[in-house]
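> So that we are looking at the same thing, I have put the structure below in structure tokens.
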Amino acid sequence: MRHEPDTSLPRASGGLDRRRFVSLSATALVLGIMAPKLAQGAAPDTPTRRAADAPHLASPFLSIDAQGTVTVYAKHLDMGQGIWTGLATILAEELDANWEQVRVEGAPARLPDYVHLDYGAQTTGGSTSIAQSWQQLREAGANARAMLVAAAAARWQVPAGDITVAQGVVRAGERSAHFGELAAEAGAQDVPEVSPKPRPKPRNAYSLVGQRGLGALDARAKSTGRQLYAIDGGWPGLKVALLARPPRLGAHVARFDASAAKAMAGVRAVVEIPGGLAVVADGTWQAMKARDALDITWDESAASTTSSQGYLDTLSEAMDSAEPEFSEERGDSAAAFAEAAQVLEAEFTFPYLAHAPMEPLTSMGRIEDGECYLRAGFQSQTINQQAAAEILGLPTEKVHLETIAAGGSFGRRAAADSDWIRELAQVLKATQGHWPIKLMRTREDEMAAMRYRPQALHRLRAALDATGRPTAIEHGIGGEGVFPHLLKIAPEVHRFSVILGNAFAQYDFPAGRLDWWRADLDIPVETYRGIANNHTAPAKEIFLDRLARAAKTDPVAFRLNLLAERPRTAAVLRRAAAMLDWDSPAPEGITRGVAVQFADETHIAQIAEVSGTPEDYRIERIVCAVDLGLAINPDIVRAQIEGGIAFALSNTFVSELTIENGAAVQSNFHDYPIQGMYGMPRRIEVAIVDSEEAPTGIGEPGSLLAGAAVINALERMGAKPVTSFPYRPA
4 MRHEPDTSLP RASGGLDRRR FVSLSATALV LGIMAPKLAQ GAAPDTPTRR
54 AADAPHLASP FLSIDAQGTV TVYAKHLDMG QGIWTGLATI LAEELDANWE
104 QVRVEGAPAR LPDYVHLDYG AQTTGGSTSI AQSWQQLREA GANARAMLVA
154 AAAARWQVPA GDITVAQGVV RAGERSAHFG ELAAEAGAQD VPEVSPKPRP
204 KPRNAYSLVG QRGLGALDAR AKSTGRQLYA IDGGWPGLKV ALLARPPRLG
254 AHVARFDASA AKAMAGVRAV VEIPGGLAVV ADGTWQAMKA RDALDITWDE
304 SAASTTSSQG YLDTLSEAMD SAEPEFSEER GDSAAAFAEA AQVLEAEFTF
354 PYLAHAPMEP LTSMGRIEDG ECYLRAGFQS QTINQQAAAE ILGLPTEKVH
404 LETIAAGGSF GRRAAADSDW IRELAQVLKA TQGHWPIKLM RTREDEMAAM
454 RYRPQALHRL RAALDATGRP TAIEHGIGGE GVFPHLLKIA PEVHRFSVIL
504 GNAFAQYDFP AGRLDWWRAD LDIPVETYRG IANNHTAPAK EIFLDRLARA
554 AKTDPVAFRL NLLAERPRTA AVLRRAAAML DWDSPAPEGI TRGVAVQFAD
604 ETHIAQIAEV SGTPEDYRIE RIVCAVDLGL AINPDIVRAQ IEGGIAFALS
654 NTFVSELTIE NGAAVQSNFH DYPIQGMYGM PRRIEVAIVD SEEAPTGIGE
704 PGSLLAGAAV INALERMGAK PVTSFPYRPA
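Numbers given in the working numbering equal positions in the sequence shown, counted from 1, plus 3.
Right under this line is the structure:
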């Protein structure tokens with residue numbers, strides 16, 4: 004959709020660093036998922052919503068209509084992280100556009116124009132959207148600006164060097180024209196004919212990038228209820244579909260009687276698809292009541308019997324007695340432990356977590372004249388398009404995707420097998436495309452979908468010498484990665500998704516060892532905000548704090564001594580400490596906890612101030628210092644960190660998904676709570692490091708540390724040491 008402006012509506016980690024991981028991920032994604040379909044060619048969609056009868060300057064990333072409106076086509080999904088505003092800001096800066104005339108809409112599914120430059124497919128994830136689009140969009144904006152200047156120079160017969168551009172207006176002396184007046188002439192040129200090749204602006208010339216108060220392009224639409232999500236609206240004649248799914252993973256329909264459901268008013272069809280029975284009705288309530296009326300006998304003979312505790316027991320047994328799947332060592336850790344004055348050990352278990360986006364996964368589709376049109380918050384357009392094409396028996400160029408904003412994802416919409424889009428395509432196929440279909444999920448449907456953040460078991464061991472200096476670290480991790488489909492063709496990628504962010508890689512211990520164990524798991528798992536960092540960072544940081552206490556060393560100084568090879572990480576830790584005058588005593592009744600991480604090329608540190616007792620505490624303040632290179636929109640960066648703190652507190656203290664006998668126990672927010680206003684810090688303060696480096700990501704790094712920082716404060720108060728999550732000190 005079109006979004007109105009507010010005014011009008013490195014280091015080695017398990018033998019694989021992150022850059023290598025990105026490269027391998029791209030290769031693996033193509034080999035494992037897309038290769039058979041890429042040979043069929045890419046869909047020739049063009050961005051829509053342009054004024055069809057107006058002249059315009061167009062490229063894959065922008066168009067300018069006759070009124071001077073600049074529409075930016077975002078190849079990445081905005082799931083609430085503000086990425087559409089960020090991408091538009093980069094392009095508008097180079098174009099010298101009037102921000103009040105900038106709009107954004109999702110780009111169609113089309114390679115190679117909208118390929119993720121790191122992953123080799125059109126997709127969003129890993130906090131990479133700004134980083135990998137930065138230079139691409141700068142050049143797109145600069146090229147379009149140069150074409151407008153060339154058009155003005157030709158019209159007015161003046162040298163291009165005499166022309167200035169500002170706020171969407173091109174000027175030469177007394178003459179001026181807004182972008183729309185020049186768009187047709189500019190659009191008639193070939194970009195390569197613009198010479199010399201335009202150069203993006205120097206940073207000291209920025210008027211949009213890096214500025215506070217710019218605002219988000221979708222802020223007004225969201226605050227007035229006009230933001231369009233897939234769960235809203237639709238097409239004429241749209242029908243709503245709901246699935247009756249098996250009660251346990253692996254069960255299937257043995258027999259069913261749909262006569263009562265079909266007799267209900269507004270019910271159009273009941274069809275069987277691989278995932279269960281789909282009820283198609285005129286409205287959501289009718290579909291829900293009809294689904295309840297189905298009489299289904301389920302065959303559970305091959306259903307899963309997996310339980311959360313059973314899988315943890317299996318992991319524990321493997322870590323006790325089996326050889327690790329992968330090991331890496333540096334230095335002589337055995338000698339360091341043999342000579343240690345102190346040896347500390349810790350174990351942490353992390354539960355399954357549901358993604359629980361505010362908007363349950365919803366998608367719409369229709370078939371017209373042998374072509375399929377889909378509308379949703381697509382996070383992985385390439386594989387979503389190919390999944391639908393495969394099921395419907397269509398070439399990919401006949402499957403058209405309209406990407407609209409999504410009400411959250413946290414990795415769920417990036418499912419490698421496109422399960423939610425496959426279900427929509429299966430319903431469209433089963434109903435022979437007779438109606439446009441909106442496939443809905445209730446909160447209970449989403450919670451029971453058996454797609455979760457995997458469990459993990461961490462065992463850490465460290466050696467300190469007689470002076471308290473750390474001499475060795477061992478970090479053992481048990482768990483499944485989030486790319487099991489890549490286990491055979493790209494094992495490094497799968498492994499990396501379990502061990503990323505571990506203590507062995509993040510800190511400069513003189514010696515150390517990293518081990519990873521896995522056990523077969525029949526529960527599908529998915530990417531989750533932070534990938535492995537969401538469990539490796541808390542385990543590492545809580546253990547590091549215990550080491551500092553055992554060494555009788557200041558926790559900031561202790562970490563700084565282990566960050567000599569990460570000067571930017573050390574710098575954000577110093578900055579966070581300075582924000583609350585760390586070297587002075589804490590205010591009376593306040594205990595502090597520290598956490599730091601390098602994730603997604605971003606360096607971040609958080610320090611929590613906590614009052615009260617371990618049993619009855621209050622988070623008074625969390626300060627955060629972050630170095631993410633150039634901050635495109637500082638206000639959105641702050642918002643992401645604030646939301647990330649809530650996310651981390653949820654994962655640490657309140658959220659847990661339990662599986663028993665192949666089914667989820669929790670079903671909605673009454674038994675799967677997320678962090679509310681109560682329990683949030685009274686104050687959150689964010690310092691963004693002024694950096695000359697290229698921009699990196701913030702959506703995931705901001706969500707990793709707050710829980711660990713609070714736990715470190717609680718343990719310094721005397722709380723019982725955490726061993727499992729969610730942590731409920733008592």
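We put the CB at the ideal spot given by N, CA and C, even for glycine.
Just so we're clear, the structure is a prediction, and the values are computed from it rather than from any experiment.
Going by Cα to Cα distance, which pick from Asp99, Asp193, Thr72, Thr726 is closest to Ala184?
Taking the sequence shown and counting its residues from 1, one reaches residue 184 at position 181. One detail in the question is off: residue 184 reads as Glu in this sequence, not Ala. Comparing Cα positions, the closest option is Thr72.
> Does the stretch 213 to 229 come into contact with the stretch 162 to 169, if we say contact requires no fewer than three beta-carbon pairs (one atom in each stretch) closer than 8 Å?
No, the stretch 213 to 229 is not in contact with the stretch 162 to 169.
> If you follow the beta strand (DSSP E) that Gly109 is in, where does it begin and where does it stop?
Working through the sequence shown from its first residue, we reach residue 109 at position 106. Unbroken beta strand (DSSP E) run through Gly109: 105 to 109.
> On the three-state DSSP scale, how would you describe Tyr1?
No information on residue 1 is available, as it lies outside the stretch 4 to 733 that the chain covers here.
> Could you check the C-alpha separation between Glu703 and Leu65 for me, to the nearest Å?
Counting from one through the sequence shown, the residue named residue 703 turns up at place 700. Counting from one through the sequence shown, the residue named residue 65 turns up at place 62. Cα to Cα, Glu703 sits roughly 28 Å from Leu65.
> Thinking C-beta only, is Asn387 closer than 8 Å to Leu404?
The sequence position of residue 404 within the sequence shown is 401, counting from 1. The sequence position of residue 387 within the sequence shown is 384, counting from 1. Their beta carbons are under 8 Å apart, which means Leu404 touches Asn387 by this criterion.
> Nearest-angstrom Cα distance between Lys723 and Ala716?
Counted from its first residue, the sequence shown places residue 723 at position 720. Counted from its first residue, the sequence shown places residue 716 at position 713. Cα to Cα, the separation comes out at about 12 Å.
> If you run the structure through DSSP and keep just helix, strand and coil, what is Gln658?
For this step, residue 658 is matched to residue 655 along the sequence shown. Reading off the sequence, residue 658 comes out as Ser, not Gln. Residue state, collapsed to three classes: coil.
> Have a look at the DSSP bridge pairing and note the partners of Arg462.
Within the sequence shown, residue 462 is the residue found at index 459, counting from 1. The partner list for Arg462 (beta bridge, DSSP) reads Glu350, Gly479.
> Take Trp238 as the anchor and find which of Met720, Asp468, Arg378 has the nearest alpha-carbon.
By one-based count along the sequence shown, residue 238 stands at place 235. The option with the nearest alpha carbon to Trp238 is Arg378.
> In the DSSP assignment, what are the bridge partners of Thr167?
Along the sequence shown, read from residue 1 onward, the residue named residue 167 stands at position 164. Beta-bridge pairing links Thr167 to Arg174.
> Roughly how many angstroms lie between the CA atoms of Gly190 and Asn537, to the nearest whole one?
Within the sequence shown, numbered from 1, the residue matching residue 190 stands at position 187. Within the sequence shown, numbered from 1, the residue matching residue 537 stands at position 534. Distance between the alpha carbons of Gly190 and Asn537 is about 47 Å.
> Less than 7 Å between C-beta atoms, sequence neighbours within five positions excluded: which residues of the same chain meet that for Met322?
By one-based count along the sequence shown, residue 322 stands at place 319. Correct list, in chain order: Leu460, Arg462, Gly479, Gly481, Trp520.
> Can you have a look at Tyr314 and say buried or exposed, based on whether 16 or more other CB atoms are within 10 angstroms of its CB?
Position 311 of the sequence shown, counted from the first residue, corresponds to residue 314. Burial call: buried.
> Buried or exposed, going by whether 16 or more other CB atoms sit within 10 Å of the CB of Ile440?
Position 437 of the sequence shown, counted from the first residue, corresponds to residue 440. By the neighbour-count rule (16 or more Cβ atoms within 10 Å), Ile440 is buried.
> Output needed for Ala349: all residues of its chain with C-beta closer than 7 Å, excluding positions within five of it in sequence on either side, in chain order.
On the sequence shown, position 346 is the one that residue 349 refers to. Answer for Ala349: Leu463, Phe546, Arg549, listed in chain order.
> Considering only residues of the stretch 534 to 568, which uninterrupted alpha helix (DSSP H) runs meet the minimum length of 4 residues and lie entirely inside it, listed in chain order?
For the stretch 534 to 568, whole alpha helix (DSSP H) runs of length 4 or above, ordered along the chain, are 536 to 553, 558 to 563.
> Does DSSP put Phe259 in a helix, in a strand, or in coil?
The residue given as residue 259 occupies position 256 in the sequence shown. Phe259: strand per DSSP, three-state reduction.
> For Thr127, which residues in the same chain have their Cβ closer than 6 Å to its Cβ, ignoring the five residues on either side in sequence?
Translated into positions along the sequence shown, residue 127 becomes position 124. Same-chain partners within the cutoff: His79, Leu80, Gln382.
> Using only CA atoms, which one of His437, Trp438, Gln600 lies nearest to Asn505?
Here residue 505 refers to the residue found at position 502 of the sequence shown. Among His437, Trp438, Gln600, the Cα nearest to that of Asn505 is on Gln600.
> Can you name, in chain order, every residue of its own chain whose Cβ lies under 6 Å from the Cβ of Val75, other than the five neighbours on each side?
To locate residue 75, count along the sequence shown from 1; it is residue 72. Counting only Cβ-Cβ distances below 6 Å, and skipping sequence neighbours, we find Leu65, Ala91, Leu94, Val107.
> Report the three-state DSSP secondary structure of Thr10 (helix, strand or coil).
Here residue 10 refers to the residue found at position 7 when the sequence shown is read from its first residue. Because the pLDDT at Thr10 is just 28, under 50, the model does not fix this residue reliably, and the value given afterwards should be weighed accordingly. Correct three-state label for Thr10: coil.
> Report yes or no: do three or more beta-carbon pairs, one from the stretch 284 to 296 and one from the stretch 330 to 341, lie closer than 8 Å?
No, because fewer than three Cβ pairs between the stretch 284 to 296 and the stretch 330 to 341 fall closer than 8 Å, the two stretches do not touch.
> Does DSSP put Pro115 in a helix, a strand or coil?
Against the sequence shown, residue 115 aligns to sequence position 112. Three-state result, Pro115: coil.
> Considering Cα atoms alone, identify which of Pro513, Cys627, Arg444, Arg595 is closest to Asn564.
To locate residue 564, count along the sequence shown from 1; it is residue 561. For Asn564, the nearest C-alpha among the options comes from Pro513.
> Helix or strand or just coil, what does DSSP make of Gly647?
Position 644 of the sequence shown holds residue 647. In this structure, Gly647 counts as helix in the three-state DSSP scheme.
> What are the partner residues of Lys441, as DSSP defines its beta bridges?
By 1-based counting over the sequence shown, the position of residue 441 is 438. Val243, Met367, per the DSSP bridge assignment.
> Where in the stretch 369 to 441 do unbroken runs of the beta strand (DSSP E), each at least 3 residues long, occur, reported from the N-terminal end onward?
Complete beta strand (DSSP E) runs here, min 3: 374 to 379, 402 to 406.
> Less than 6 Å between C-beta atoms, sequence neighbours within five positions excluded: which residues of the same chain meet that for Ala551?
Within the sequence shown, residue 551 is the residue found at index 548, counting from 1. Taken in chain order, the residues that qualify are Pro558, Phe561.
> Going by Cα to Cα distance, which pick from Thr300, Arg577, Met683 is closest to Gly646?
Your numbering for residue 646 matches position 643 in the sequence shown. Of the listed residues, the one whose Cα sits closest to Gly646 is Met683.
> Report buried or exposed for His673, applying the criterion of at least 16 other Cβ atoms within 10 angstroms of its Cβ.
Stepping through the sequence shown from its first residue, residue 673 is reached at position 670. With fewer than 16 Cβ atoms within 10 Å of its Cβ, His673 is classed as exposed.
> Distance check for Ser307 and Gly665, CA to CA, integer angstroms please.
In the sequence shown, counting from the first residue as 1, residue 665 sits at position 662. In the sequence shown, counting from the first residue as 1, residue 307 sits at position 304. If you take the alpha carbons of Gly665 and Ser307, they lie about 5 Å apart.
> Closer than 7 Å by C-beta to Ile677: which residues in its own chain qualify, once you throw out the five before and the five after it? Chain order, please.
To locate residue 677, count along the sequence shown from 1; it is residue 674. So the qualifying residues of the chain are Ala359, Ser653, Val657, Ser658.
> If I measure Cβ to Cβ from Pro177 and keep anything under 7 Å in the same chain, skipping five residues before and after, which residues do I get?
Within the sequence shown, residue 177 is the residue found at index 174, counting from 1. According to the sequence as given, residue 177 is Glu; it is not Pro. Here the set comprises nothing.
> Using DSSP with H/G/I as helix, E/B as strand and the rest coil, what is Gly334?
Within the sequence shown, numbered from 1, the residue matching residue 334 stands at position 331. Of the three classes helix, strand and coil, the one that applies to Gly334 here is coil, per DSSP.
> Is Ile714 helix, strand or coil when you go by DSSP?
Counting from one through the sequence shown, the residue named residue 714 turns up at place 711. It is helical.
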